[in-house]
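Comments concern the structure below.
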Amino acid sequence: MEGLTKREKEILLILAKATEYVSADSIAGQLNVSKKTIYRNLHSLEQKLSEKNVLSKQPGKGYKVRQVEFIHTFADTLPEHGLLDMSLAERRQHLLTFLLLQAPKNTSINQLSDLYYLSSASIVNDLNIIEGALREYQLALIRSRQGTHVEGTEENIRKMLMKLLSDSLEHGDYLTAESVSDDLHQKTYAGLYKGFSSKDIYFVKQILSEGEVILKGNIKEPYYINIFTHVLILIKRLTNRTHYETTKPPKGSFKNQTAYLAARRMMEHIAGYVNKKVPEIEIFYIYRYLISSGIENGAPREIVITESPEKEFVWWLIAHVSKKVYVDFTQDLNLQQSLFLHIQPLTKRLAYDISIANPLLEDIKKEFPAIFGAVRQSVHEQEIMPNFQSLTDDEIGYITVYFQASLENQMQRQRVLIVCSSGAGTSHLLGARVKRAFSDWEIVDIVSANRLAAIRDMDAIDFILTTVHLEPQEVPCILVSALFSELDILKVKNVLLNEHKPKLQNVLSI
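First residue of the sequence shown? That's 586 in the numbering used here, and the numbers climb one at a time after it.
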């Protein structure tokens, strides 16, 4: 857009965003200038762009740009961050990220105005909003004759950057080693890491892959995206020459030598990449992320036999969630092991004040409200791990998923009694079809309606599938056809799902 004045650029971008003709009155209102000024600027634009055929004018309607000609003419000079399509909230988030990455360097209102193709008044309004957000992280927006910059500790600057980037994660998307492949999963990383180069992104992926080789395991979601973002922010801060962390790691910090070796090797690569000496504390920061992440190495792991607060917490949590939702989780050994393996790195994350985002949180709350409520209440009530009482909903959501998986597994493992009125051939056909549809079920017996009274041990049966109407029994009865059709299968699934709902209703108000 060389050769155009600042206001002419602003007018052109307003027209580029619009799908219909825009009047001079509307443009004047958006830019807070007189209509006479806008007419003068539009006339100047018409003259400068006459050979490009970019502008279209229609009396009584106003102006618009011809999109094809506009893109062709300005393809190389449009804002690189996609600012044309940014909403107000997205622009403010981008501006905040920009200021944090530059901190404590000064920038001027005019520079920001040119960067975002906005009036100075709009930039000032954005900064006023951003100032309040910064205070939540003990950061300050300093405005002086020298310019505008963010001031605060390196730890708080990075903590806020981590939060901003995590919040911009697309719903349900993760950035794993697989998704950051050679094609870089364009949509995911572009949405999450606006302002970071694909070269930096690929480099971080490479050093994390080497780190995983040293660790002899894969960094699981969502921990991968945490350490990925941390390293990317570090590189940006170093290349911007704005990094000023000088503290030393606490003595005795590196108890896990394998994780220390991986962190040190990654930092050596980073120092070479940015051609700058990196403070030793940065090895410790990466080390913290590594030991507080779930590492999958494929080897079978069991709960440690020796007593520990984590083990006691897991057993307590399972018992109390079971009581709250009237579902017995205490016999699920897989749940015990999975929770224990999840709680170990969680303990380290809390100790190091490392947060993880849960992009599925709202779905978890909506789909599993009773389990989520029971887990959250139980965690807040327990006193075994006092620091767990302040767990975020993001962390509660991850724990909830383990319980929900256990519940659904219980629904799959059912002990069924089949009651038929017809001959043995038909009853065994029904049994075979039931087994084919629900392979994990145990068919306790196949009996006629007259023999049902002889079944005394109903405790060994979860429910009855019957082809005839029966009197009320001690366990649920589901009426199906002898051929056990697709409709019957859906009916059974629906009944089993609803069987648990009455038990869960009492915690929905938590």
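Quick reminder that beta carbons are idealized off the backbone N, C-alpha and C, glycines included.
Length of the line joining the Cα atoms of residue i and residue j
{"i": "L1055", "j": "F914", "result": "31 Å"}
{"i": "K633", "j": "E947", "result": "51 Å"}
{"i": "V863", "j": "M852", "result": "7 Å"}
{"i": "I715", "j": "R730", "result": "19 Å"}
{"i": "V607", "j": "N626", "result": "14 Å"}
{"i": "Q962", "j": "F988", "result": "14 Å"}
{"i": "K840", "j": "T738", "result": "27 Å"}
{"i": "H905", "j": "E952", "result": "21 Å"}
{"i": "D979", "j": "L1081", "result": "29 Å"}
{"i": "G645", "j": "T622", "result": "18 Å"}
{"i": "L918", "j": "I1040", "result": "30 Å"}
{"i": "Y809", "j": "D938", "result": "17 Å"}
{"i": "V650", "j": "T604", "result": "9 Å"}
{"i": "L726", "j": "Y870", "result": "26 Å"}
{"i": "K1078", "j": "N713", "result": "54 Å"}
{"i": "Q967", "j": "L976", "result": "12 Å"}
{"i": "I949", "j": "L598", "result": "40 Å"}
{"i": "L663", "j": "K591", "result": "Residue placement at L663 is poorly supported in this model, since its pLDDT is 47, which falls under 50; the coordinates are not used for a value here."}
Assumed close pair residue i, residue j - CB separation to whole angstroms, cut-off 8 Å
{"i": "T832", "j": "I866", "result": "5 Å"}
{"i": "Y983", "j": "N943", "result": "6 Å"}
{"i": "L823", "j": "V859", "result": "4 Å"}
{"i": "E595", "j": "S704", "result": "7 Å"}
{"i": "R850", "j": "E795", "result": "7 Å"}
{"i": "A1022", "j": "I1074", "result": "5 Å"}
{"i": "T733", "j": "N691", "result": "6 Å"}
Residue i in three-state terms, based on DSSP
{"i": "V735", "result": "strand"}
{"i": "E1027", "result": "strand"}
{"i": "R934", "result": "helix"}
{"i": "A1038", "result": "helix"}
{"i": "F914", "result": "coil"}
{"i": "K642", "result": "strand"}
{"i": "L1064", "result": "strand"}
{"i": "K649", "result": "strand"}
{"i": "V863", "result": "coil"}
{"i": "F869", "result": "helix"}
{"i": "K594", "result": "helix"}
{"i": "L600", "result": "helix"}
{"i": "T682", "result": "helix"}
{"i": "L1002", "result": "strand"}
{"i": "S728", "result": "Looking at the sequence shown, residue 728 is not Ser but Arg. Strand, per DSSP."}
{"i": "S1033", "result": "strand"}
{"i": "T824", "result": "helix"}
{"i": "F839", "result": "coil"}
{"i": "V607", "result": "strand"}
{"i": "I1049", "result": "strand"}
{"i": "N803", "result": "strand"}
{"i": "T832", "result": "coil"}
{"i": "T692", "result": "strand"}
{"i": "I939", "result": "coil"}
{"i": "I880", "result": "strand"}
{"i": "K621", "result": "helix"}
{"i": "E721", "result": "coil"}
{"i": "H815", "result": "helix"}
Proximity to residue i [Cα-Cα], best of the options
{"i": "V709", "options": "Q687, A688, L681 and G614", "result": "L681"}
{"i": "A1038", "options": "P1057, L926 and A1022", "result": "P1057"}
{"i": "N972", "options": "T932, A990 and P944", "result": "T932"}
{"i": "N1035", "options": "F788, T1051, S1024 and S907", "result": "T1051"}
{"i": "E593", "options": "G645, D699 and F683", "result": "D699"}
{"i": "S893", "options": "L926, L945 and E1059", "result": "L926"}
{"i": "S1066", "options": "L726, E952 and V1019", "result": "V1019"}
{"i": "Q785", "options": "G645, I1003 and I818", "result": "Reading the sequence as shown, one finds Asp at residue 785 and not Gln. Taking only the C-alpha atoms, the option nearest D785 is I818."}
{"i": "V735", "options": "L1064, L686 and W901", "result": "L686"}
{"i": "D1025", "options": "S1012, M996 and R1041", "result": "M996"}
{"i": "Q615", "options": "L600, S629, H628 and E605", "result": "L600"}
{"i": "T843", "options": "E797, L712 and L992", "result": "E797"}
{"i": "K751", "options": "Q967, S940 and T692", "result": "One point to set straight first is that residue 751 is Ser, not Lys, in the sequence displayed. Here the closest residue by C-alpha is S940."}
{"i": "E1059", "options": "S1070, I1074, L1068 and D1042", "result": "D1042"}
{"i": "V1053", "options": "E1071, E636 and V1004", "result": "V1004"}
{"i": "N825", "options": "S878, A688 and L992", "result": "A688"}
{"i": "V986", "options": "M970, I969, H965 and V960", "result": "V960"}
{"i": "H965", "options": "S1012, F898 and A936", "result": "F898"}
{"i": "K861", "options": "G879, L640 and I820", "result": "I820"}
CB contact check: residue i to chain D, cutoff 7 Å
{"i": "G614", "result": "Absent from the structure is chain D; it holds one protein chain and no more."}
If you pair each beta-carbon of the segment 791–811 with each one of the segment 736–744, do three or more pairs fall below 8 Å? no
Is the segment 951–970 touching the segment 869–876 in the sense that three or more CB pairs, one from each, lie closer than 8 Å? no
Sufficient close CB pairs (3 or more, under 8 Å) joining the segment 811–820 to the segment 832–841: no
Would you be able to state if there are at least three C-beta pairs under 8 Å between the segment 989–1001 and the segment 1039–1048? yes
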